[in-house]
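Trainee:
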Amino acid sequence: MTRQYDEVYERSFKDPDGFWGEAAEALHWYRKWDQVLDDSDPPFYRWFTGGVVNTCYNALDRHVASGRADQLALIYDSPVTGNTVKTFTYAELVQGVARFAGALAAQGVGKGDRVVIYMPMVPEVVIAMLACARLGAIHSVVFGGFASGELAVRINDSKPKLVVSASCGIEVDRIVPYKPLLDEAIEIADFKPERCIILERPEAQAPMTAGRDLGWAEVMDAAQPHDCVPVAATDPLYILYTSGTTGQPKGVVHDNGGHMVALNWSMKNIYGVEPGEVFWAASDVGWIVGHSYIVYAPLFHGNTTILYEGKPVGTPDAGAFWRVIADHGVSVLFTAPTAFRAIKRADPAGALIKKYDMSRFRALFMAGERVDPDTVQWAENILGKPVIDHWWQTETGWPIAANCIGLGMLPVKYGSVCKAAPGWDVRVVDDKNQEIKRGEIGALVVKLPLPPGSLPTLWNNDEGYVKSYLSEYPGYYKTADAGYQDEDGYLWVMTRTDDVINVAGHRLSTGAMEEVLASHPDVAECAVIGVADQLKGQVPLGFLILKAGVERDHDEIVKEVVSMVRQRIGPVAAFKTATVVNRLPKTRSGKILRGTMQKIADGKAYKAPATIDDPQILPEIAEALERIGYAQGPRAAAR
Ligand code: COA
Ligand code: AMP
Numbered sequence: 005m006t007r008q009y010d011e012v013y014e015r016s017f018k019d020p021d022g023f024w025g026e027a028a029e030a031l032h033w034y035r036k037w038d039q040v041l042d043d044s045d046p047p048f049y050r051w052f053t054g055g056v057v058n059t060c061y062n063a064l065d066r067h068v069a070s071g072r073a074d075q076l077a078l079i080y081d082s083p084v085t086g087n088t089v090k091t092f093t094y095a096e097l098v099q100g101v102a103r104f105a106g107a108l109a110a111q112g113v114g115k116g117d118r119v120v121i122y123m124p125m126v127p128e129v130v131i132a133m134l135a136c137a138r139l140g141a142i143h144s145v146v147f148g149g150f151a152s153g154e155l156a157v158r159i160n161d162s163k164p165k166l167v168v169s170a171s172c173g174i175e176v177d178r179i180v181p182y183k184p185l186l187d188e189a190i191e192i193a194d195f196k197p198e199r200c201i202i203l204e205r206p207e208a209q210a211p212m213t214a215g216r217d218l219g220w221a222e223v224m225d226a227a228q229p230h231d232c233v234p235v236a237a238t239d240p241l242y243i244l245y246t247s248g249t250t251g252q253p254k255g256v257v258h259d260n261g262g263h264m265v266a267l268n269w270s271m272k273n274i275y276g277v278e279p280g281e282v283f284w285a286a287s288d289v290g291w292i293v294g295h296s297y298i299v300y301a302p303l304f305h306g307n308t309t310i311l312y313e314g315k316p317v318g319t320p321d322a323g324a325f326w327r328v329i330a331d332h333g334v335s336v337l338f339t340a341p342t343a344f345r346a347i348k349r350a351d352p353a354g355a356l357i358k359k360y361d362m363s364r365f366r367a368l369f370m371a372g373e374r375v376d377p378d379t380v381q382w383a384e385n386i387l388g389k390p391v392i393d394h395w396w397q398t399e400t401g402w403p404i405a406a407n408c409i410g411l412g413m414l415p416v417k418y419g420s421v422c423k424a425a426p427g428w429d430v431r432v433v434d435d436k437n438q439e440i441k442r443g444e445i446g447a448l449v450v451k452l453p454l455p456p457g458s459l460p461t462l463w464n465n466d467e468g469y470v471k472s473y474l475s476e477y478p479g480y481y482k483t484a485d486a487g488y489q490d491e492d493g494y495l496w497v498m499t500r501t502d503d504v505i506n507v508a509g510h511r512l513s514t515g516a517m518e519e520v521l522a523s524h525p526d527v528a529e530c531a532v533i534g535v536a537d538q539l540k541g542q543v544p545l546g547f548l549i550l551k552a553g554v555e556r557d558h559d560e561i562v563k564e565v566v567s568m569v570r571q572r573i574g575p576v577a578a579f580k581t582a583t584v585v586n587r588l589p590k591t592r593s594g595k596i597l598r599g600t601m602q603k604i605a606d607g608k609a610y611k612a613p614a615t616i617d618d619p620q621i622l623p624e625i626a627e628a629l630e631r632i633g634y635a636q637g638p639r640a641a642a643r
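For the sequence shown, our numbering assigns the number 5 to the initial residue and increments by one for each residue that follows.
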């Protein structure tokens with residue numbers, strides 16, 4: 005018997021126009037598309053060309069018009085501010101968003117203008133994003149855990165007319181003032197935004213710059229509600245910067261039409277959720293998961309979404325997720341494996357879950373990094389519900405592979421992200437772009453065109469888009485992940501093929517950290533690798549070669565570089581350890597052997613690559629790592 009998944013998957017390729025055209029009928033269009041898939045300018049494929057839409061209308065107004073006005077759209081749950089809970093019906097949220105859109109318009113923001121949003125997890129961040137969408141302005145949210153240097157890079161690249169920020173964020177019990185970081189970012193950026201709108205939170209006051217900064221409350225008081233502005237389906241909705249190989253992040257663009265069609269489709273077919281149910285993505289709006297599954301997808305689909313300002317542990321304990329699920333009747337939770345590792349570590353027996361009513365809970369989805377089977381099985385045991393590992397990226401906007409429970413759940417294989425989702429033609433190729441046998445590891449690539457909702461290009465950088473993603477494997481999108489497909493068609497995502505690491509589900513560039521280390525006056529050369537960490541999956545580790553004649557205490561220098569990374573990239577980098585070495589292992593052409601260093605640090609078996617310049621350096625690296633507590637394990641046996 006053919007499974008529903010197989011039929012749907014096949015149809016998505018045999019008849020993409022019919023498949024996605026039907027999915028698009030569920031949404032509101034001011035003008036329908038001329039073409040579903042526009043392949044007139046490969047490799048730049050577009051979806052729904054000729055269509056005219058508004059994303060905010062589809063997320064909010066459409067539901068008010070069709071009987072969901074009094075249903076909750078958004079629940080804000082904030083244990084870090086004395087257990088505040090605020091709710092917004094669809095009618096209330098549309099009012100707030102229309103008003104803030106009016107406030108932005110009053111400052112001259114219109115269609116195509118960029119707005120940078122640098123905010124904590126408060127309802128106003130959702131309002132600001134949707135208000136941009138309402139005006140056809142392009143938002144670029146910057147995660148609060150990034151410091152001023154990273155914010156400045158994003159301001160320079162996106163050139164925002166206006167920045168929306170807040171006086172502070174709250175990290176468990178630590179107030180993090182955002183405004184000084186914003187001021188510093190604007191100071192160091194070459195591009196200067198004309199205006200900032202600052203949400204004053206009671207926990208901290210923001211120093212305001214006269215003539216440039218305005219208060220959120222003040223602009224909202226003066227604003228008139230603004231209606232939705234029709235935009236082309238192919239116009240950009242947002243830019244989200246993500247780490248690549250270099251210190252310069254990539255401005256990933258997502259458009260309006262294809263984005264809403266794919267995300268709306270995914271809610272029922274992948275996540276198995278019906279409109280009206282409560283869906284919770286425990287992530288942050290600064291990441292793709294937050295964009296797609298805190299804000300846009302649940303609202304497109306008429307769900308209630310949760311904005312949680314807290315942590316999985318420590319706010320106040322490892323029962324926090326169960327408490328939120330029980331209090332708000334969550335059906336499906338989506339989070340990063342690291343959150344579950346933190347809960348498992350604090351409450352291994354799962355005792356706290358017994359205090360809560362989990363009767364409405366149906367499934368847990370995890371993504372963002374490789375999930376260890378132990379954590380999946382532990383979660384299955386304590387929840388007694390399906391735990392689904394699924395694979396996606398900032399660039400793809402929605403899952404490339406998943407156990408699509410809305411299409412009938414497939415058997416689980418621990419460690420696999422299950423099968424490619426409809427619309428995603430995933431292949432495994434070798435470095436000559438030839439498909440390889442099932443079971444063999446190669447580069448995971450996706451045959452073009454990518455489905456709707458995925459990136460059409462990089463911001464102002466078509467050339468960079470082609471260079472980063474499309475040139476290495478002609479005809480395919482390079483995911484920069486390596487893995488394999490097994491005999492049953494299940495995909496196994498094993499590792500990144502570039503210098504990107506995943507720290508607590510946060511994607512970071514080791515290249516960006518190396519740039520900071522290299523700028524220390526005593527450092528001649530450096531390398532940063534990701535090493536295995538039981539809680540965060542990976543953490544960065546730095547190697548420093550000092551300039552000749554530097555006689556200062558090594559610990560002092562290490563402390564200084566640690567502080568520099570925190571200052572310039574931000575605390576989210578979790579860069580806490582570095583060690584001084586005399587030499588770095590390199591190939592004869594001078595490329596640092598980061599992969600081999602990583603194996604040594606993780607205590608894995610390693611062999612000196614044939615291209616190594618001087619194999620004698622490897623034991624030196626192992627000794628340096630042992631001194632700081634790494635390189636334990638089977639490595640010794642391999643030597
Ligand atoms: N604003 C300011 N600082 C922030 C921040 C924000 N929005 N988010 C994180 N930070 C800071 C943290 O306070 C921490 O600072 P510290 O070095 O002073 O302790 C640092 O950045 C690292 O943060 P984090 O990675 O969150 O680690 P943690 O030790 O605070 O918490 C976990 C560990 C597992 C609880 C946490 O990583 C977690 O909840 N992860 C979920 C991951 C996730 O949602 N990923 C999104 C993709 S799905
Ligand atoms: P981001 O763009 O921040 O979402 O990070 C995307 C990267 O995270 C992917 O390229 C993978 O390396 C990794 N990733 C995401 N989900 C998974 C998963 N389920 N299993 C393994 N790796 C994953």
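Don't be surprised by glycine CBs; every beta carbon is placed ideally from N, CA and C.
Would residue 517 and residue 605 qualify as a contact pair, given that the criterion is a beta-carbon distance under 8 angstroms?
Mentor: Sequence index remark: in the sequence shown, residue 517 carries index 513 (1-based). Sequence index remark: in the sequence shown, residue 605 carries index 601 (1-based). No, the pair does not count as a contact, with Cβ atoms beyond the cut-off.
Trainee: Measure the CB-CB distance between residue 561 and residue 584 and report whether it falls below 8 angstroms.
Mentor: Position 557 of the sequence shown, counted from the start, is the residue given in the question as residue 561. Position 580 of the sequence shown, counted from the start, is the residue given in the question as residue 584. Here residue 561 is near residue 584, since their CB atoms are less than 8 angstroms apart.
Trainee: If you reduce the DSSP assignment to three classes, tell me which class residue 439 lands in.
Mentor: For this step, residue 439 is matched to residue 435 along the sequence shown. Residue 439: strand per DSSP, three-state reduction.
Trainee: Based on Cα-Cα distance, which residue from 114, 623, 544, 206 lies nearest to residue 234?
Mentor: Position 230 of the sequence shown, counted from the first residue, corresponds to residue 234. Selected option, being the one with the closest Cα: 114.
Trainee: If you run the structure through DSSP and keep just helix, strand and coil, what is residue 12?
Mentor: Working through the sequence shown from its first residue, we reach residue 12 at position 8. Residue 12 falls in the helix class under three-state DSSP.
Trainee: Any idea if residue 150 is buried or exposed, counting beta-carbon neighbours within 10 angstroms, 16 or more meaning buried?
Mentor: As a first step, residue 150 must be located in the sequence shown, where it is residue number 146. So residue 150 ends up on the buried side.
Trainee: Tell me which same chain residues have a C-beta within less than 8 angstroms of the C-beta of residue 332, skipping the five on either side of it?
Mentor: For the purposes of this step, residue 332 is taken as residue 328 along the sequence shown, with counting starting at 1. Excluding positions up to five away in sequence, the list reads 79, 81, 282, 284, 308, 310.
Trainee: Is residue 397 near the ligand AMP, in the sense that its beta carbon is under 7 angstroms from a heavy atom of that ligand?
Mentor: The sequence position of residue 397 within the sequence shown is 393, counting from 1. The answer is yes for residue 397.
Trainee: State the Cα-Cα distance for the pair residue 389 and residue 413, rounded to the nearest angstrom.
Mentor: Walking along the sequence shown from the start, residue 389 turns up at place 385. Walking along the sequence shown from the start, residue 413 turns up at place 409. Straight-line Cα distance between these residues: approximately 12 angstroms.
Trainee: Please tell me whether, using a cut-off of 7 angstroms, the distance from the CB of residue 375 to the nearest non-hydrogen atom of the ligand AMP is below it.
Mentor: Position 371 of the sequence shown holds residue 375. The answer is yes for residue 375.
Trainee: Does the distance from the C-beta atom of residue 351 to that of residue 255 stay below 8 angstroms?
Mentor: For the purposes of this step, residue 351 is identified with residue 347 of the sequence shown, where counting begins at 1. For the purposes of this step, residue 255 is identified with residue 251 of the sequence shown, where counting begins at 1. No, the pair does not count as a contact, with Cβ atoms beyond the cut-off.
Trainee: Does the Cβ-Cβ distance between residue 362 and residue 341 come in under 8 angstroms?
Mentor: Locating residue 362 in the sequence shown gives position 358, where the first residue counts as 1. Locating residue 341 in the sequence shown gives position 337, where the first residue counts as 1. Result no, Cβ atoms of residue 362 and residue 341 do not sit closer than 8 angstroms.
Trainee: What's the call for residue 213, buried or exposed, on a 16-neighbour Cβ count within 10 Å?
Mentor: Against the sequence shown, residue 213 aligns to sequence position 209. Classification of residue 213: exposed, given that the 10 Å Cβ count is below 16.
Trainee: Residues in the same chain with beta-carbon distance under 7 angstroms from residue 95, minus the five sequence neighbours each way, listed in chain order, please.
Mentor: Here residue 95 corresponds to residue number 91 of the sequence shown, with the count starting at 1. Same-chain partners within the cutoff: 68, 73, 74.
Trainee: Give the range of the beta strand (DSSP E) segment to which residue 237 is assigned.
Mentor: Here the question's residue 237 lines up with position 233 in the sequence shown. Looking at the DSSP string, residue 237 is not in any beta strand (DSSP E), and its letter there is neither H nor E.
Trainee: Please list, in chain order, all residues of the same chain as residue 211 whose beta carbon is under 8 angstroms from its beta carbon, the five residues on each side excluded.
Mentor: Mapped onto the sequence shown, residue 211 falls at position 207. If we look at residue 211 and ignore the five residues flanking it on each side, its Cβ neighbours are 183, 184, 187.
Trainee: Looking at C-beta atoms only, is the number of pairs between the segment 263-283 and the segment 491-505 that lie closer than 8 angstroms three or more?
Mentor: By the Cβ criterion, the segment 263-283 is not in contact with the segment 491-505, since fewer than three pairs of Cβ atoms, one from each stretch, lie closer than 8 angstroms.
Trainee: What is the DSSP secondary structure of residue 221, reduced to helix, strand or coil?
Mentor: Start at 1 with the first residue of the sequence shown, and residue 221 comes out as number 217. It is helical.
Trainee: Out of 291, 614, 497, 232, which has the shortest C-alpha to C-alpha gap to residue 102?
Mentor: The count along the sequence shown starts at 1 and reaches residue 102 at position 98. Among 291, 614, 497, 232, the Cα nearest to that of residue 102 is on 232.
Trainee: Could you give the DSSP three-state label for residue 488: helix, strand or coil?
Mentor: Within the sequence shown, residue 488 is the residue found at index 484, counting from 1. Secondary structure of residue 488 (DSSP, three-state): strand.
Trainee: If you reduce the DSSP assignment to three classes, tell me which class residue 377 lands in.
Mentor: The residue given as residue 377 occupies position 373 in the sequence shown. Residue 377: helix per DSSP, three-state reduction.
Trainee: Under a three-way DSSP split, which group does residue 425 fall into?
Mentor: Within the sequence shown, numbered from 1, the residue matching residue 425 stands at position 421. Coil.
Trainee: Under 7 angstroms: does the beta carbon of residue 590 sit that close to some heavy atom of the ligand COA?
Mentor: For the purposes of this step, residue 590 is identified with residue 586 of the sequence shown, where counting begins at 1. No - the ligand COA has no heavy atom lying nearer than 7 angstroms to the Cβ of residue 590.
Trainee: Who are residue 143's beta bridge partners in DSSP?
Mentor: Numbered from its first residue, the sequence shown carries residue 143 at position 139. According to DSSP, residue pairing for residue 143 in a beta bridge involves 119, 242.
Trainee: Check the DSSP bridge columns for residue 605 and list the partner residues they point to.
Mentor: As a position in the sequence shown, residue 605 is number 601, starting the count at 1. Answer by DSSP bridge pairing: none, since residue 605 is not bridged.
Trainee: Where in the segment 47-109 do unbroken runs of the beta strand (DSSP E), each at least 3 residues long, occur, reported from the N-terminal end onward?
Mentor: 50-53, 76-82, 88-93
Trainee: For the alpha helix (DSSP H) holding residue 298, just list the boundary residues, first then last.
Mentor: In the sequence shown, counting from the first residue as 1, residue 298 sits at position 294. From DSSP, residue 298 is part of no alpha helix (DSSP H); its letter is neither H nor E.
Trainee: Once DSSP output is grouped into helix, strand and coil, what is the label at residue 5?
Mentor: For the purposes of this step, residue 5 is taken as residue 1 along the sequence shown, with counting starting at 1. Residue confidence for residue 5 is low, a pLDDT of 46 falling below 50, so the modelled location carries little weight; the figure read from the coordinates is stated next. Of the three classes helix, strand and coil, the one that applies to residue 5 here is coil, per DSSP.
Trainee: Contact check, residue 50 vs residue 238 under 8 angstroms by CB: the rounded distance?
Mentor: As a working note, residue 50 is residue 46 in the sequence shown. As a working note, residue 238 is residue 234 in the sequence shown. At roughly 5 angstroms, the Cβ-Cβ gap stays under 8 angstroms, so residue 50 and residue 238 are in contact.
Trainee: Kindly list the residues whose CB is nearer than 6 angstroms to the CB of residue 520, restricted to its own chain and excluding five residues on each side of it in sequence; keep chain order.
Mentor: For the purposes of this step, residue 520 is taken as the residue at position 516 of the sequence shown. 568, 569, 572, listed in sequence order.
Trainee: Would you check whether the ligand COA has a heavy atom nearer than 7 angstroms to the C-beta of residue 541?
Mentor: Within the sequence shown, residue 541 is the residue found at index 537, counting from 1. Because no heavy atom of the ligand COA lies under 7 angstroms away, the Cβ of residue 541 does not count as near it: no.
Trainee: What I want to know is whether the C-beta of residue 421 ends up closer than 7 angstroms to one or more non-hydrogen atoms of the ligand MN.
Mentor: The model depicted lacks the ligand MN and carries the ligand COA and the ligand AMP instead.
Trainee: Go through its chain and collect everything with a Cβ distance to residue 489's Cβ below 7 angstroms, but skip five positions before and after it.
Mentor: Indexing the sequence shown from 1 puts residue 489 at position 485. For residue 489, where only same-chain residues beyond five positions count, the Cβ hits under 7 angstroms are 432, 442, 495.
Trainee: Output needed for residue 31: all residues of its chain with C-beta closer than 8 angstroms, excluding positions within five of it in sequence on either side, in chain order.
Mentor: Within the sequence shown, the letter at position 27 stands for residue 31. The beta carbon of residue 31 is closer than 8 angstroms to those of 57, 62, 66, 264, 265, 268, 304 in its chain, skipping five residues each way along the sequence.
Trainee: If you drop the 5 nearest sequence neighbours on each side, which residues of the same chain put their C-beta closer than 6 angstroms to that of residue 468?
Mentor: Mapped onto the sequence shown, residue 468 falls at position 464. Counting only residues of its own chain and dropping the five nearest sequence neighbours on each side, residue 468 has a CB closer than 6 angstroms to the CB of 462.
Trainee: Look up residue 312 in the DSSP assignment and say whether it is helix, strand or coil.
Mentor: Position 308 of the sequence shown holds residue 312. Strand.
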